[in-house]
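Asks: Here it is, the structure, as structure tokens.
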Amino acid sequence: MPQLDRMAQQSGSFGNSGVQQMQNEAYRNLGENIGNVSNQMRFQDYTTQQGLAESALNRGQQNNQFNAGLSANDLSRNMAGGFQQNAQNNNYLMQGAMFDAGNNLQGQMFNATLGNNDLTRNANLAQAQGQFNTGALNTNSMFNAGNMNTNSMFNSGQGNAMNMFNAGAGNNMLENYRNRQQNQWQFDANLGNNRYQFDQSLGSQNRQFDATLGQNAYQFGQNLGNNRYQFDQSLGNNRYQFDQNLDRGIWNDNMGWANTGFNNTMNLMNNAYNWAGGGVNATTAEQNTPMNYWQQFMNAGNAAGGQGGTATNSQQMQGNPYLGAWAGWNMFAPKP
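Positions 522 to 857 (the working numbering) are the ones given, in order, by the sequence shown.
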């Protein structure tokens, strides 16, 4: 670093251990801070990716649950509609059967009433005819008194015929009454049997419908449970695979970032060591420069003190004390 190089230059000493230690500590802190920055950035990216993945899984699960709820509602609505339609159809069938039975009963009662009215009218006509004939006979009795013997056989035959007619009419009325009672009893028996058969058929249909409805509901519950189990299994496997892939990717990314940070730190340290070497060389050159100057001044002083001789010969000559003093003063004089 430039400030550490300046400190080393200003210290004026070669291989200053304090400055070197500060320089190494600064490089170590720099590398550690760079590594921490890369690790923090990667951890924030990992946290963001994890949150996005969990949000996507939660949205998928909510969507599947919403679709399962819609399917259950559709099935319940369809089953309820089918049950209501069947119940309404059964009510229509029962009302139609009761209406037909009522029409048949009313027709038979109307026919029986017509027969009874016919019998009553015929009996009344026969009775009126008998009364008329009796009145006529009574009216004409005096007129026919003279002819009694002549008409006795006729009157006897007429009376016998009338009695036979009245007896036959009574017998016919009794027979018609018994027939009406028999028909009414048979109609009631048939109506009861039809109602029983209709109730049995309706009960069987209702039981069959209830059994089918229960079986469909059970099968739907089984299918829904299996679908939910399969969905949970698939979701768990997907989450496990996603976590495995995510962890592997994060580990690989962390290793890549760590290697990149290590290489960057190594390059930075190498550059720093090169800078430090350059600083040491500059410091060494700066330190050696005064010594070179001093050596030159010593050579110049020796040459001057030896009265024109060189510093490399071995001849002992009388020196000049003034030149020697001047050279010594230049050696220790402060530099500009």
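Heads up, the beta-carbon is just placed ideally off N, CA and C, and yes, glycines get one too.
1) Do you know how far the Cα of Ser-592 is from the Cα of Gln-762?
2) Starting from the C-beta of Ile-771, find all residues in its chain whose C-beta is less than 7 Å away, skip the five residues before and the five after it, and write them out in chain order.
3) Considering only the alpha carbon of each residue, which of Ala-821, Gln-707 and Asn-788 lies closest to Met-630?
4) Would you decide whether Gln-544 is buried or exposed? Buried here means 16 or more other CB atoms lie within 10 Å of its CB.
5) Rounded to the nearest angstrom, what separates Ala-485 and Asn-802 at their Cα positions?
6) For Val-558, which of Met-819, Trp-778, Ala-821 and Leu-723 has the nearest alpha-carbon?
7) Would you report the Cα separation of Asn-700 and Asn-715, rounded to the nearest angstrom?
8) Within 10 Å of its beta-carbon, does Ala-797 have 16 or more other beta-carbons around it, so buried, or fewer, so exposed?
9) Can you give me the C-alpha to C-alpha distance between Gln-754 and Thr-781, rounded to a whole angstrom?
10) When we look at the beta-carbon of Gly-822 and count the other beta-carbons within 10 Å, is it buried (16 or more) or exposed?
11) Expressed to the nearest angstrom, what Euclidean distance is found between the alpha-carbon atoms of Asn-516 and Thr-733?
12) In whole angstroms, what separates the C-alpha of Leu-614 from that of Asn-748?
13) Inspect the beta-carbon positions of Leu-723 and Asn-611 and report whether they are closer than 7 Å.
14) With 16 as the cutoff for other CB atoms within 10 Å, does Tyr-548 come out buried or exposed?
15) By Cβ distance below 7 Å, which residues in the same chain neighbour Gln-817 in space, the five residues on each side in sequence not counted?
16) Restricting to Cα atoms, I'd like to know which of Gln-650, Asn-759 and Asn-727 is closest to Ala-574.
Replies: A quick look at the data gives this:
1) Numbered from 1 along the sequence shown, position 241 holds the residue referred to as residue 762. Numbered from 1 along the sequence shown, position 71 holds the residue referred to as residue 592. Rounded to whole angstroms, the separation of the alpha carbons of Ser-592 and Gln-762 is 29 Å.
2) Within the sequence shown, numbered from 1, the residue matching residue 771 stands at position 250. Closer than 7 Å at Cβ, skipping near neighbours: Tyr-567.
3) Translated into positions along the sequence shown, residue 630 becomes position 109. Nearest of Ala-821, Gln-707 and Asn-788 to Met-630, Cα basis: Gln-707.
4) Residue mapping note: residue 544 aligns to position 23 of the sequence shown, counting from 1. If you draw a 10 Å sphere on the C-beta of Gln-544, you find 16 or more other C-beta atoms in it, and that means buried.
5) One cannot answer for residue 485 here, as it falls past the ends of the chain, which runs 522 to 857.
6) Your numbering for residue 558 matches position 37 in the sequence shown. Ranking Met-819, Trp-778, Ala-821 and Leu-723 by Cα distance to Val-558 puts Trp-778 first.
7) Taking the sequence shown and counting its residues from 1, one reaches residue 700 at position 179. Taking the sequence shown and counting its residues from 1, one reaches residue 715 at position 194. Answer to the nearest angstrom: the Cα atoms are 22 Å apart.
8) Residue numbering aside, residue 797 sits at position 276 when the sequence shown is read from its first letter. It counts as buried.
9) The residue given as residue 754 occupies position 233 in the sequence shown. The residue given as residue 781 occupies position 260 in the sequence shown. Whole-angstrom Cα-Cα distance: 40 Å.
10) One-based indexing of the sequence shown puts residue 822 at position 301. Classified as buried, Gly-822 has 16 or more neighbouring CB atoms from the shown chains inside 10 Å of its CB.
11) Not covered by the structure: residue 516. The range shown for the chain is 522 to 857.
12) Taking the sequence shown and counting its residues from 1, one reaches residue 614 at position 93. Taking the sequence shown and counting its residues from 1, one reaches residue 748 at position 227. When only Cα atoms are considered, Leu-614 and Asn-748 end up about 40 Å apart.
13) In the sequence shown, counting from the first residue as 1, residue 723 sits at position 202. In the sequence shown, counting from the first residue as 1, residue 611 sits at position 90. Cβ atoms of Leu-723 and Asn-611: closer than 7 Å.
14) Start at 1 with the first residue of the sequence shown, and residue 548 comes out as number 27. Classification for Tyr-548: buried.
15) Position 296 of the sequence shown, counted from the start, is the residue given in the question as residue 817. For Gln-817, there are no CB contacts under 7 Å within the same chain when 5 residues up- and downstream are skipped.
16) Locating residue 574 in the sequence shown gives position 53, counting from the first residue. Put simply, of Gln-650, Asn-759 and Asn-727 the residue whose alpha carbon is nearest the alpha carbon of Ala-574 is Asn-759.
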